[in-house]
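Undergrad:
Protein chains: 2
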Amino acid sequence: MVRAVADMIITGAMVPGEKLDEISLAAKFAVSRTPVREALRELCAMGLVEREPNRSAVVTNVSELHLHSMFEAMAELEAMCARLSAERMTIAERQLLQREHYDSLALVRSGAAEDYAAYNTVFHTRIYRGARNDHIFDMVTQTRARLAPFRRAQFRLPTRLARSYEEHDEIVDAILRADPMAAGQAAYAHVTIVSDASTVFAAHDKLGRKN
Amino acid sequence: MVRAVADMIITGAMVPGEKLDEISLAAKFAVSRTPVREALRELCAMGLVEREPNRSAVVTNVSELHLHSMFEAMAELEAMCARLSAERMTIAERQLLQREHYDSLALVRSGAAEDYAAYNTVFHTRIYRGARNDHIFDMVTQTRARLAPFRRAQFRLPTRLARSYEEHDEIVDAILRADPMAAGQAAYAHVTIVSDASTVFAAHDKLGRKN
DNA sequence: ACCTTCAAAACTGCATACAGTTTTAAAGCA
DNA sequence: TGCTTTAAAACTGTATGCAGTTTTGAAGGT
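Protein sequence lines correspond, in order, to chains G and Z. For the first sequence, our numbering assigns the number 843 to the initial residue and increments by one for each residue that follows. For the second sequence, our numbering assigns the number 843 to the initial residue and increments by one for each residue that follows.
1. Would you kindly report the start and end of the unbroken alpha helix (DSSP H) that includes V900(G)?
2. Out of C923(G), L949(G), R875(G) and A959(G), which one is the CA nearest neighbour of R974(G)?
3. Measuring alpha carbon to alpha carbon, tell me which of V1036(G), R941(G), E1009(G) and R897(G) ends up nearest R998(G).
4. Just to make sure I have the definition right: I need the residues of chain Z whose C-beta is within less than 7 Å of the C-beta of N975(G). Which are they?
5. Could you please tell me which residues of the stretch 952 to 986 of chain G, in chain order, have their CB closer than 9 Å to any CB of chain Z?
6. Whole-angstrom Cβ separation of M850(Z) and V1033(Z), contact assumed at under 8 Å?
7. By the 7 Å beta-carbon criterion, what residues does the stretch 870 to 890 of chain Z contribute toward chain G?
8. Taking C-beta pairs closer than 8 Å, name the residues in chain G that H908(Z) reaches, listed in chain order.
9. Excluding the five sequence neighbours on either side, which residues of its own chain have a C-beta within less than 7 Å of the C-beta of D1021(G), listed in chain order?
10. With 7 Å as the limit, tell me which residues of the stretch 915 to 933 of chain G have their beta carbon closer than that to any beta carbon of chain Z; keep them in chain order.
11. Please report the Cβ distance between A955(G) and L1003(G), rounded to the nearest whole angstrom; I am assuming they are in contact, meaning their Cβ atoms lie under 8 Å.
12. Between L989(G) and Y1030(G), what straight-line distance do the alpha-carbon atoms span, to the nearest angstrom?
13. Cβ atoms of L919(G) and V982(G): under 9 Å apart, would you say?
14. Would you mind sorting P1000(Z) into buried or exposed? The rule is 16 or more other CB atoms within 10 Å of its CB.
15. Contact defined as beta carbons within less than 8 Å: I believe E1012(Z) pairs with A1028(Z). What is the distance between those atoms, to the nearest angstrom?
16. Roughly how far, in whole angstroms, is the beta-carbon of R883(Z) from the beta-carbon of E880(G), given that I think they are within contact range, below 8 Å?
17. How many angstroms separate the CA atom of Q940(G) from the CA atom of G953(G)?
18. Would you mind sorting A899(Z) into buried or exposed? The rule is 16 or more other CB atoms within 10 Å of its CB.
19. Since G813(G) and P991(G) are thought to touch, with beta carbons under 8 Å apart, how far apart are those beta carbons, to the nearest angstrom?
20. Name the one or two DSSP bridge partners that V891(Z) has.
21. Please determine, among F871(G), V891(G) and A934(G), the residue with the shortest C-alpha to C-alpha distance to I852(G).
22. Between which two residues does the alpha helix (DSSP H) harbouring E934(Z) extend?
23. What residues in its chain sit with their C-beta under 7 Å from that of R861(Z), if we drop five residues either side in the sequence?
24. Taking only three categories from DSSP, how would you classify L885(Z)?
25. Let me check understanding here. Comparing Cα to Cα, which of G859(G), F913(G) and R968(G) lies closest to Q937(G)?
26. To the nearest angstrom, report how far apart R1019(G) and V847(G) are at their CA atoms.
27. R925(Z) and A1025(Z) - do their beta-carbons sit closer together than 9 Å?
28. Of all the options H966(Z), R971(Z) and P877(Z), which has the alpha carbon lying nearest to the alpha carbon of H943(Z)?
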């Protein structure tokens, strides 16, 4: 239930700023308002929606400043995970990372943006796991989820696919060399560039809508 | 309401493992079960309590492994904040930090553990703010809250007070010199030592109780 | 004395109802 | 025509009741 609504937000079925009124949601999921309310509270705690007293919950639409905060935090967290992964991943994990990364080149060449986006999630998740720290994993996963609505369109830019591959290449290379500093820096730079691409789209999105 | 229960957990009025049944809480706060249920959901999302279907919520009692994760994450976050503070704090902020730090020496000398603990919170919060990043602030604050139940007793060890002051000294010094690397390292070490002191107390706590 | 079984009590999950607030829209007035 | 007022519709916040599940405790058997 919570997950269903969260997915609607993360996958972009609901746009930032959109209202989530309890009665409609209750009808949609064929339950009463009570579980809907609880789900909304949880989503609020997760930062995906915002609530004010006696008003509908709305999909969080962060200010440009806060968006910058989130991307910077994301870069720091990614760097942290890459650094720790470079120290802690097993040989098997490193080899798997390298193999999947190599295979992803085919997706880049064929321009399969959807498939590459799916692989991209797996790639990053492997690095989060490689850090061997559940709490850091939770934080980075949650931050990623909150940024998802603002990062949706990134692979529509045709150059992003190849660019992303090259950046992954640097990260993988540093992790295979067990070079924490280099892995951290490469991961940080990777997010920074995604951030630049995304803010453009966020601005476009705003102009494109009415409310 | 949420804050009231959260405070009970953070201040130690409720011990990890303790059950929070809805009816008692509703009676305690003189409301019905509905708002209590919603508060519990929120606390669950915050990680302060855990819930399973058809069972009472209980104050989160993390495993030793997860506790280690949390302290490591805390060290990384503190280091991050100290590093960014060393880069971004204004002159005024740096001077205030130094001044308050200097004043805290009196508390150490007089052995005022309670007062020093209060000052300690202010000190760290200043560094979190100095990083100029709202999302990082949220993460570090939340992690700190979740660790609070396991860090309660740290200043009871008489040597911890003086030790803490010395560690703060290193952090303040690095921030005043605008040396991000040194600030980060000092902050990281500071948490690591708190972690060592706390796990001892966590273990004691476990032995001391029945359930 | 200890374990098993079963029933009652206690509690959670959800639906519904009602009170209070906000939003909307229509009617009256300038 | 445009602004103000006011009432109704819509929605949120909370209480309460019922169904289903878990827990507790006592009775019976070994």
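No residue lacks a Cβ here, since even glycine has one placed at the ideal position from N, Cα and C. Since the model is a prediction, treat every value here as computed from it, not as a measurement.
TA: If we stick to the structure as given:
1. Careful: V900(G) lies outside any alpha helix (DSSP H), inside the beta strand (DSSP E) at A899 to V901.
2. C923(G)
3. V1036(G)
4. S911, E914 and A915
5. R974, N975, D976, H977, I978, F979, D980, M981, Q984 and T985
6. Not a contact, Cβ separation roughly 25 Å.
7. R879, E880, R883, E884, A887 and M888
8. D976 and H977
9. A928
10. A915, E918 and M922
11. 6 Å
12. 16 Å
13. yes
14. exposed
15. 4 Å
16. 5 Å
17. 20 Å
18. buried
19. The shown model of chain G, from 843 to 1053, leaves out residue 813(G), and the question about it has no answer.
20. V901(Z)
21. V891(G)
22. Residue identity check: residue 934(Z) is Ala in the sequence provided, not Glu. Where A934(Z) is concerned, the enclosing alpha helix (DSSP H) stretches over I933 to S952.
23. Per the sequence presented here, residue 861(Z) reads as Lys, with Arg not at that position. S898 and V900.
24. helix
25. R968(G)
26. 41 Å
27. yes
28. H966(Z)
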